[in-house]
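Numbering (the UniProt record's numbering), first residue to last: 1 to 313.
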């Protein structure tokens with residue numbers, strides 16, 4: 001006689017969406033500040049649409065799919081996939097680790113195909129024109145310049161605090177994907193902008209708190225952690241989603257394109273792959289090679305080799 005199948009009792013019918021989110025965000029998998037911020041952003045925006053105080057068990061799969069579509073349905077496939085994955089991980093954790101009755105991401109809210117875009121890199125002249133425009137606010141100009149010159153991930157730069165900056169040596173420590181502390185370096189353009197960004201209206205300078213700040217002070221209902229609030233101004237740290245929207249609005253670009261472009265321009269300048277990997281902090285050469293592809297300018301230049309010999313008389 002075969003053994004009866006093991007049945008795991010579902011519990012936690014009283015757990016609210018907000019409590020379930022807080023429990024997940026306190027787990028070791030989100031200990032990295034960048035990872036925590038990305039998960040928190042996706043999950044918080046989803047449960048805001050559903051009602052933070054609603055019981056987790058009362059939410060249906062269809063409602064989860066509708067919330068995802070409402071917030072990110074019109075975004076690029078990469079943005080949709082990233083936020084969908086965060087919500088999926090959270091709900092799967094609720095079901096498998098806590099054994100709470102919880103919904104799932106429905107099948108019709110499936111992962112979207114990310115087309116292999118061979119033109120992700122932006123021409124150097126385009127980037128310099130963008131960063132010299134007078135209609136670009138100082139905060140955005142500094143962020144975009146810093147992303148390009150450091151070739152860092154946007155989440156890493158947005159996580160920087162003022163006290164992290166080594167202005168004299170033009171560098172700062174960041175937490176990498178694996179949790180290790182690594183250094184990023186910037187050049188003259190960023191070095192000239194940072195003091196202006198840190199200057200307060202009374203002429204003094206910010207010395208602590210998030211480097212890049214949001215436009216407004218946070219409302220009490222959505223007050224972030226103390227580490228994400230500037231002690232000088234009371235404003236919160238600028239979020240990834242807001243930064244992404246602003247770059248798209250002003251230039252029609254994605255934040256990752258600045259990092260991709262920096263790697264491509266180094267390759268165009270015939271910088272060795274080993275040094276490019278040091279700059280971008282990729283560990284695997286095959287991964288780095290996906291980014292270090294000749295741009296249009298480099299291809300046009302090498303095409304000159306195929307031209308017929310020029311007359312000398």
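A virtual CB, placed ideally from N, CA and C, is assigned to each residue, including glycine.
The region 284-304 makes contact with the region 259-276; the number of CB pairs closer than 8 angstroms reaches 3 or more.
If you ignore the 5 residues before and after residue 128, its C-beta comes within less than 7 angstroms of no other C-beta in its own chain. If you check the CB distance, residue 34 and residue 225 do not come in under 7 angstroms.
Look at residue 127 here: in three-state DSSP terms it is helix. Of the candidates 241, 265, 200 and 303, 241 places its Cα closest to the Cα of residue 75. By the neighbour-count criterion, in which 16 or more other beta carbons inside 10 Å mark a residue as buried, residue 249 falls on the exposed side. Inter-segment contact for the region 40-53 and the region 184-200 is absent: fewer than three beta-carbon pairs are separated by less than 8 angstroms. Out of 102, 245, 88 and 232, the CA that lies nearest to the CA of residue 204 is found in 232. By the criterion of a C-beta distance shorter than 8 angstroms, residue 32 is surrounded in its chain by 175, 177 and 179, once the five residues flanking it on both sides are discounted. Residue 165 sits away from residue 251, with the two beta carbons spaced by 7 angstroms or more. Between residue 145 and the set 239, 281, 272 and 261, the nearest pair of CA atoms involves 261.
The three-state secondary structure of residue 199, taken from DSSP, is strand. Here residue 140 is buried. Its C-beta has 16 or more other C-beta atoms within 10 Å.
Within the region 199-253, complete alpha helix (DSSP H) segments of at least 4 residues are found at 240-251, given in chain order. Residue pairing from DSSP places residue 161 in a beta bridge opposite 210. In terms of Cα proximity to residue 200, the closest of 23, 227, 147 and 234 is 234. Counting C-beta pairs closer than 8 angstroms gives three or more between the region 85-99 and the region 13-25, which meets the contact rule.
Here residue 271 carries a coil assignment [DSSP, helix/strand/coil]. Judged by their CB atoms, residue 216 and residue 163 are not nearer to each other than the 7 angstroms cut-off. When 157, 167, 258 and 254 are compared, the shortest CA-CA separation from residue 211 is found for 157. Counting every other CB atom within 10 Å of its CB across the protein chains shown gives residue 302 a total below 16, marking it as exposed. Considering only 309, 281, 264 and 283, the residue with the shortest C-alpha distance to residue 122 is 264. By DSSP's assignment, residue 190 forms no beta bridge with any residue. Counting along the chain, residue 69 sits inside the alpha helix (DSSP H) bounded by residues 61-72.
Residue 213 and residue 255 have their C-alpha atoms some 17 angstroms from each other. Counting along the chain, residue 80 sits inside the alpha helix (DSSP H) bounded by residues 77-96. Within its own chain, the residues whose Cβ lies closer than 7 angstroms to the Cβ of residue 14, once the five positions on either side in sequence are excluded, are 55, listed in chain order. As the crow flies, the alpha-carbon of residue 247 is around 38 angstroms from that of residue 96. By alpha-carbon distance to residue 167, the top candidate from 147, 138, 198 and 181 is 198.
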